[in-house]
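Okay, structure first, notes after.
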Amino acid sequence: MTRVLVVEDEPQLVRALEINLKARKYEVESASDGGTGLRLAADRLPDVVLLDLGLPDMDGVEVIRGLRGWSRVPILVVSARQSSDEKIRALDAGADDYITKPFDMSELVARLRAAARRAQGAERGEHGAPAEEVSIVSTDEFTVDLLAKKARRHGHDVRLTPTEWHLLEVLIRNRGRLVGQKQLLHEVWGTSYNKQTNYLRVYMAQLRRKLEADPAHPRHLITSPGMGYRFET
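Shown next as structure tokens:
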């Protein structure tokens, strides 16, 4: 049973989420503030976190950063904040998806299901793109161990979110070949994500900041404008 932690301070919304998720056979726990949410996440190790940004004790982005300090659990932000800057800020901090209020419950459940599936697939080492099997890929800047699910740069571990890892893995397994935007969206986020190319821009920027020597002039994570991306060693 998939365990969901809801970090939200609106009691009516929490109740609605609990009813709908439990009806779909999810196990649900809730926290009404960020501090309690972080403690529950450490104690219960949920499979997915649904997180509001407007919490009474801290901004939700602080919760994201706190979780990302030790966990790769998928984080879905559910917030009334609708500006692009807010979305990018949350995604840059390590959120895996962003849903604005008010939302359709069926869409939220679909995105939650997709996030849990991506995380489970990453743990099992599954991938959708057929390519030559490799274990370790090295560049002059970083090394990626696909079996151990680890990235290292200059001798130090690089923390990647499940979505960042999945995106990097698809590109590495297709190294040297262009992977189209639509294919990447389908493989990493699911078949209902056809037009969210901004997701690709945000996550590729995050990967470059973490892995490239000069993120503004990448040597390994290459963009083909309007077409897609490729990985070069």
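Taking the working numbering, the leading residue of the sequence shown gets 114, the next gets one more, and so forth. Where is the CB? At the ideal position from N, CA and C, for every residue including glycine. These figures come from a predicted structure and were not determined experimentally.
Residue state for L158 is assigned as coil, using DSSP reduced to three classes.
Residues of the same chain with a CB within less than 7 Å of the CB of V127, apart from the 5 flanking positions on each side, are V119, E121 and S143 in chain order.
Excluding the 5 residues flanking it on each side, R288 has same chain C-beta neighbours closer than 6 Å at F344, in chain order. Between V174 and the set R157, S192 and P159, the nearest pair of CA atoms involves S192. Here R265 is bridged, per DSSP, to T256 and D270.
R116 and P159 have their C-alpha atoms roughly 5 Å apart. Within the same chain, V271 come within 6 Å of K323 by CB-CB distance, once the 5 residues on both sides are set aside.
Taking each of Q125, L163 and R152 in turn and checking the Cα distance to V222, the smallest one comes out for L163.
For the options A136, V315, E123 and P338, the alpha carbon positioned closest to that of S219 is the one of A136.
Remark: C-beta atoms of L204 and V283 do not approach each other more closely than 8 Å. The C-alpha of P275 lies about 17 Å from the C-alpha of V176. Judged by their CB atoms, R231 and H279 are nearer to each other than the 8 Å cut-off.
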